[in-house]
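Data block below; observations after.
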Amino acid sequence: MRLINRQPDRGGRLLLVLLPFALLLLAYFSGSATRLAENPNDKLLPSASQMTAAVNRLAFTEDKRTGEYVFWQDTKSSITRLMTGLAISAAIAVVIGIASGAIPLLSAPLSPLMTVLSMVPPLAILPVLFIVFGLGELSKVMLIVIGITPVLTRDLEQRVREIPQEILIKAQTLGANSWTLILRVVLPQVLPRLLIALRLALGSAWLFLIAAEAIASTDGLGYRIFLVRRYMAMDVIVPYVVWITLLAWLMDCGLHRLTTWAFPWYDKGVRS
Amino acid sequence: MIQVKNVWKQYGEQIVLERLNLEIQEGEFCALVGASGCGKSTFLRMLLGQESPSRGQILLDGQPLRAEPDPSRGVVFQRYSVFPHLSVLENVVIGMELPHSRFLGRLIGADKQRLRETAAALLTRVGLGHALDKYPSQLSGGMQQRLAIAQALIVKPRILLLDEPFGALDPGTRKDMHVLLNELWQEHKLTIFMVTHDLSEGFTLASRVLVFDKMRVDPHAPNAYGAHITYNIPVNRRKTSGALASVASLPGQPAIH
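Chains A and B, in that order, give the protein sequences.
Under the UniProt record's numbering, the first residue of the first sequence is numbered 1, with each subsequent residue one higher.
Under the UniProt record's numbering, the first residue of the second sequence is numbered 1, with each subsequent residue one higher.
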């Protein structure tokens, strides 16, 4: 049988899914064991017990100075910033994307502007944000907003334009005015697209968050990683990176679930 | 009721329609037939208000037609006629909500319940009573077109415009739709314009067949002359209602292109 026609069965598929992860872990821990056997003070590849100890210290022991659990405090700050940034971006993207996609008179001034603005490298203007908004929460959230809003907006604008002309005409023959047409026909049809665009922008959002935290912050997952780098504390960095990856993956799954749950018509509509 | 006065339509150099003159009485069922690209769909879009004539005018009851789609003219397209994000019932209910709620586009409470019942009654009439809660993507092509027709009729348009509504359906479903459309036309006293590729469909359903064709063709400049209504054929309905029944009993007659 040709390779392209061979399908793994259920068990086989699960095995194939887990295999690369297992190999990755195996490679890490065997490398770690080898290095630690040669030099017990090696810091580059900490062992599982070293990382567990570090997580215990940060996540399940009160910080002596502040009385807080550092790990959870970092997580809370980072997630708050990320969610705020995503929410603001999504709101702006819905308004501008639909306005410029559905209303030709607004498309002319908005569409080329968004195209140009989306080319500004967000990290290049990070110093400007710190100068303008100070070193507080605002500038970190703003970096996420500036980073992902243009992408979201342009995506939504495109999705609005992809709604068949027939649908828009039909709504008009049913008595819709411009506003109710957007509210009842355009908006509900692009909302699932917004969730998909958010999933795709999630990676960039984390990138901008970590970058902002690394440069100016007093807590947060990105801040902690860059802080302990000075002591080469790989036993902290590795669990933090794994934790960030897990959080990002959970958000991705959550958004996917939300899409299928809130818009049951969407997936089928795409396939038909 | 509808007067078409010396209407031309051109896109740049290309003349699509020329010298259209037509008068249609209320309650007529006009089938627009002709070769592909001869402007019959363009004519339908002008009646709809989606496009406007380059020259001449179209009058409805002596008044120029509004230059954008409105509830006086319902429409059913071959595809994309229904809202994919609304259930079958909501697809029809929205037609009663939109004209009455200018800011929210929706009604609530007892009003909504009343609309639901009206919509359900119409949907049962077109044969979708069992599928009220389904989404359009779960319906077959024929059922989607039934829904599109019900949706268009709920706002009680005076004119119903059909752009190859049954073009994508299989012959058996198409015949069921012919019977339904014929009944609805008589029940609702509609004026119907239907674009079709299928000549026999035109002659069995319509009370008037309008044939679009190019009168003159310049082989060196094929776009120099537009199409014209070459034949305007009134069809004797009494004879054809019998013909409709006989066509409905024939097994799958091929479409004429």
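Every residue, glycine too, gets a C-beta built ideally from N, C-alpha and C.
Between which two residues does the alpha helix (DSSP H) harbouring residue i extend?
i, result
"residue 178 of chain B", "171-188"
"residue 119 of chain A", "No alpha helix (DSSP H) contains residue 119 of chain A, which DSSP labels as neither H nor E."
"residue 168 of chain A", "165-173"
"residue 91 of chain B", "88-97"
"residue 252 of chain A", "234-262"
"residue 130 of chain A", "126-133"
"residue 146 of chain A", "137-162"
"residue 46 of chain B", "40-48"
"residue 23 of chain B", "Looking at the DSSP string, residue 23 of chain B is not in any alpha helix (DSSP H); the run it does join, the beta strand (DSSP E), is 14-24."
"residue 154 of chain B", "It is not in any alpha helix (DSSP H) - residue 154 of chain B carries neither H nor E in the DSSP assignment."
"residue 116 of chain B", "109-125"
"residue 28 of chain A", "10-38"
"residue 102 of chain B", "Taken as a continuous stretch (DSSP letters only), residue 102 of chain B belongs to no alpha helix (DSSP H), as it is neither H nor E."
"residue 214 of chain A", "187-215"
"residue 226 of chain A", "221-228"
"residue 180 of chain A", "178-181"
For residue i, which residues in the same chain have their Cβ closer than 7 Å to its Cβ, ignoring the five residues on either side in sequence?
i, result
"residue 90 of chain A", "152, 194 and 198"
"residue 143 of chain B", "128 and 131"
"residue 68 of chain B", "49"
"residue 134 of chain B", "87 and 88"
"residue 174 of chain B", "166"
"residue 100 of chain B", "107"
For residue i, count the other beta carbons within 10 Å of its own beta carbon; 16 or more makes it buried, fewer makes it exposed. Which is it?
i, result
"residue 101 of chain A", "buried"
"residue 270 of chain B", "There is no way to answer for residue 270 of chain B, as the model of chain B reaches only from 1 to 257."
"residue 67 of chain A", "exposed"
"residue 121 of chain B", "exposed"
"residue 38 of chain B", "buried"
"residue 156 of chain B", "exposed"
"residue 148 of chain A", "buried"
"residue 61 of chain A", "exposed"
"residue 128 of chain A", "exposed"
"residue 252 of chain B", "Any answer about residue 252 of chain B is weak, because its pLDDT of 44 lies below 50 and its placement is not dependable; what the coordinates show is given next. It is exposed - the Cβ of residue 252 of chain B has fewer than 16 other Cβ atoms within 10 Å."
"residue 11 of chain A", "exposed"
"residue 91 of chain B", "buried"
"residue 64 of chain A", "exposed"
"residue 4 of chain A", "exposed"
"residue 104 of chain A", "exposed"
"residue 52 of chain A", "exposed"
"residue 235 of chain A", "buried"
"residue 258 of chain B", "Residue 258 of chain B lies beyond the residue range present for chain B, which begins at 1 and ends at 257; the question has no answer from this structure."
What does a CB cutoff of less than 8 Å around residue i pick up in its chain, not counting 5 residues either side in sequence?
i, result
"residue 28 of chain A", "45"
"residue 208 of chain B", "24, 28, 29, 30, 31, 232, 233, 234 and 235"
"residue 114 of chain A", "96, 100, 150, 153, 154 and 157"
"residue 168 of chain B", "78, 79 and 141"
"residue 226 of chain A", "213 and 214"
"residue 225 of chain B", "15, 18, 214, 215, 216, 217 and 218"
So residue i and residue j are in contact, right, with Cβ under 8 Å, and what is the actual spacing, rounded?
i, j, result
"residue 58 of chain B", "residue 7 of chain B", "6 Å"
"residue 84 of chain B", "residue 261 of chain A", "In fact, because the Cβ distance is near 17 Å, the residues do not count as touching under 8 Å."
"residue 12 of chain B", "residue 211 of chain B", "About 26 Å; that fails the 8 Å criterion."
"residue 208 of chain A", "residue 131 of chain A", "No, residue 208 of chain A and residue 131 of chain A are not in contact; Cβ-Cβ is about 17 Å, not under 8 Å."
"residue 74 of chain B", "residue 176 of chain A", "That pair is no contact at about 13 Å."
"residue 205 of chain B", "residue 178 of chain B", "6 Å"
"residue 81 of chain B", "residue 166 of chain A", "6 Å"
Quick one: give me the first and last residue of the beta strand (DSSP E) that residue i is part of.
i, result
"residue 212 of chain B", "208-214"
"residue 56 of chain A", "Element bounds for residue 56 of chain A: not the beta strand (DSSP E) but the alpha helix (DSSP H), 48-59."
"residue 9 of chain B", "2-11"
"residue 33 of chain B", "29-34"
"residue 58 of chain B", "55-60"
"residue 74 of chain B", "73-76"
Name the DSSP bridge partner or partners of residue i?
i, result
"residue 232 of chain B", "B:210"
"residue 115 of chain A", "Bridge partners of residue 115 of chain A: none, in fact."
"residue 163 of chain B", "B:195"
"residue 96 of chain A", "Answer is none; residue 96 of chain A lacks a bridge partner."
"residue 91 of chain A", "DSSP, once it has assigned bridges, lists no residue as partnering residue 91 of chain A."
"residue 64 of chain B", "B:59"
"residue 227 of chain B", "B:17 and B:214"
In chain order, what residues of the same chain have a beta carbon less than 6 Å from the beta carbon of residue i, not counting five sequence neighbours either side?
i, result
"residue 181 of chain A", "171"
"residue 257 of chain B", "Any reading at residue 257 of chain B must be qualified, since the residue scores a pLDDT of 41, below 50, and its modelled position is unreliable; no value is offered."
"residue 206 of chain A", "248"
"residue 40 of chain B", "32, 34, 195 and 212"
"residue 259 of chain A", "192 and 195"
"residue 138 of chain A", "none"
"residue 220 of chain A", "74, 77, 78 and 213"
Output, in chain order, the set of chain C residues within a Cβ distance shorter than 8 Å of residue i.
i, result
"residue 104 of chain A", "The chain inventory of the structure shown lacks chain C, comprising the protein chains A and B."
Beta carbon of residue i: closer than 6 Å to some heavy atom of the ligand GDP?
i, result
"residue 176 of chain B", "In the structure on display, the ligand GDP does not appear, and there are no ligands present to speak of."
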